[in-house]
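My numbering applies: residue 51 is where the sequence shown begins, and numbers increase by one. Note that the Cβ used here is the ideal one computed from N, Cα and C, for glycine as well. What you are looking at is a predicted structure, and each value in this text was computed from that prediction instead of being measured. Notes follow the structure.
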Amino acid sequence: MSADPVTVAAGRLEHMEHAWNRADGAGFAEVFADDTDFVDIRGAHHRGRTAVGAGHQALFDSIYAGSSVRFELEAAREVSPGCIVAIATSTLDAPTGPLQGINHARFTAAITEDGGRWSVVAFHNTLMRETD
51 MSADPVTVAA GRLEHMEHAW NRADGAGFAE VFADDTDFVD IRGAHHRGRT
101 AVGAGHQALF DSIYAGSSVR FELEAAREVS PGCIVAIATS TLDAPTGPLQ
151 GINHARFTAA ITEDGGRWSV VAFHNTLMRE TD
């Protein structure tokens, strides 16, 4: 094992959470690989770090303006050397827009190491119903 999976995954989540709460799309995307695959809560597939950053900035500037998020790591394990799969939940508090109020989601992230840098190479986010 090259690094503790929980520590690696928690570090990525913390970075994303802080960037979200600053409404910083580029900062949010910093933990993603250049060629990342990101599936959002609507099922749209975004390709690349630049698209993830621009997409999130557009959200922060519109329907998620003034929102805050909290991420909680549920599990992380190394599935092969240098490859971690993490499962986490998010709690979004949106003051306005179509998701106004408190919303919960669960996501899966594949995180790989390349040249000593851990990056999210795949991310799939799913909005949860209240009973999930």
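Apart from sequence neighbours up to five positions away, the residues of its chain that approach Arg120 with a beta-carbon distance below 6 Å are Thr141, ordered along the chain.
A contact is defined here as three or more CB-CB pairs under 8 Å, and the region 155-175 meets this definition with respect to the region 129-140. In this structure, DSSP gives Ala126 an extended state, which the three-state scheme calls strand. Inter-segment contact for the region 74-83 and the region 100-113 is present: three or more beta-carbon pairs are separated by less than 8 Å. A residue is called buried when at least 16 other Cβ atoms come within 10 angstroms of its Cβ; Thr86 meets this threshold and is buried. Counting only runs of 3 or more residues that sit fully inside the region 75-112, the beta strand (DSSP E) segments are 82-89, 95-97, in chain order.
Spanning the alpha carbons of Arg179 and Ser130 requires a straight line of approximately 32 Å. Beta-bridge annotation (DSSP): Thr141 is paired with Arg120, His154.
Excluding its 5 nearest sequence neighbours in each direction, Gly147 has C-beta neighbours in its own chain below 7 Å: Ile113, Tyr114, listed in chain order.
Beta-bridge partners assigned by DSSP to His174: Val89, Thr158.
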